[in-house]
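Colleague: One structure follows; several queries about it will come next.
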């Protein structure tokens, strides 16, 4: 078994790299088991245990199955691996859940019981802000307070408008895909509207929005479609960005956008959990 310090160092390293992973922790054992309470394992999305140890085959398959489910919906799970006689005594079958505990069968000779808590550590949701307008700056500040990783996307001379950002992209060369949930807002205030909107058309994101009027968006849409842009891709961009709360100031507009992003994000999380 890897030393506990090594496991925690790996957790810290994966967090810093912004990678998704699962931590499985043995919280209770009864009778003879290979791993003891406190043992941990780190599991990546492809099902690989990259650090630590929580026992052999007796618990491994149950833990990996739980890890897959946790990656899918983000909800932590408690699994109890018990010998068949113990499961029969409490009236449950392998794979059944009761009062928040999922049961699994231990077919190893030890016939011990292990309770294992499995939780996901996901990358922070990423708010990508294209432009350096007053709304963009207010949005970056609010998103940081709310726990989002902020990516400032703007030409180099405009980057100084942002006090701090987790990532900076000069110009509009956005990566097509992203591990974390990504929410993209264009707030260029006329300086680069077309370039920014063209850049976000082909990327994956949970939310794409434009800070501007419907009339302005319609004019840009018509021009870019005439230049070969996809009409269907434009239909995925919300304009104007944010919930209608009567916002006027940059801070109020930023609040309306984060309210919309939060609502969408929570809806997706609930839908995944209810579909489990």
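In our numbering, the protein residues as written are -13 to 262.
Every residue gets a Cβ at the ideal spot worked out from N, C-alpha and C, and that includes glycine.
Given the structure is predicted, the values throughout are model-derived calculations rather than measurements.
#1: For residue 256, count neighbouring Cβ atoms within 10 angstroms of its own Cβ and tell me buried if that reaches 16, exposed if not.
#2: Just checking, does the region 227 to 243 make contact with the region 99 to 110 on the three C-beta pairs under 8 Å criterion?
#3: Mind reading off the beta-carbon distance from residue 42 to residue -7? Whole number of angstroms is fine, and I expect it under 8 Å.
#4: Output the distance between the C-alpha atoms of residue 21 and residue 30, rounded to the nearest integer angstrom.
#5: With 16 other CB atoms within 10 Å as the buried threshold, where does residue 123 fall?
#6: Give the list of continuous beta strand (DSSP E) stretches no shorter than 3 residues that lie fully inside the region 59 to 144.
#7: Among 231, 224 and 184, which residue has its Cα nearest to the Cα of residue 214?
#8: Determine, using beta-carbon pairs with one atom in the region 163 to 178 and one in the region 113 to 120, whether at least three such pairs fall under 8 Å.
#9: Take residue 128 as the anchor and find which of 248, 4 and 92 has the nearest alpha-carbon.
#10: Pull up the distance between the alpha-carbon of residue 181 and that of residue 85, whole angstroms please.
#11: Which stretch, first to last residue, makes up the beta strand (DSSP E) that contains residue 153?
Modeller: Taking the structure as given:
#1: Position 270 of the chain shown, counted from the start, is the residue given in the question as residue 256. Sixteen is the threshold: since fewer than 16 other Cβ atoms of the shown chains lie within 10 Å of the Cβ of residue 256, the residue is exposed.
#2: no
#3: As a working note, residue 42 is residue 56 in the chain shown. As a working note, residue -7 is residue 7 in the chain shown. In fact, because the Cβ distance is near 17 Å, the residues do not count as touching under 8 Å.
#4: Here residue 21 refers to the residue found at position 35 when the chain shown is read from its first residue. Here residue 30 refers to the residue found at position 44 when the chain shown is read from its first residue. So the alpha carbons of these two residues sit roughly 20 Å apart.
#5: Mapped onto the chain shown, residue 123 falls at position 137. The residue is buried, with at least 16 neighbouring Cβ atoms inside 10 Å.
#6: With a minimum length of 3 residues, the continuous beta strand (DSSP E) runs that stay inside the region 59 to 144 are 63 to 68, 87 to 91, 99 to 107, 112 to 116 and 135 to 140.
#7: Numbered from its first residue, the chain shown carries residue 214 at position 228. Closest in alpha carbon position to residue 214, among 231, 224 and 184, is 184.
#8: yes
#9: Sequence index remark: in the chain shown, residue 128 carries index 142 (1-based). Among 248, 4 and 92, the Cα nearest to that of residue 128 is on 248.
#10: Translated into positions along the chain shown, residue 181 becomes position 195. Translated into positions along the chain shown, residue 85 becomes position 99. Their backbone Cα atoms lie some 53 Å apart in a straight line.
#11: Counted from its first residue, the chain shown places residue 153 at position 167. Counting along the chain, the beta strand (DSSP E) containing residue 153 begins and ends at 153 to 156.
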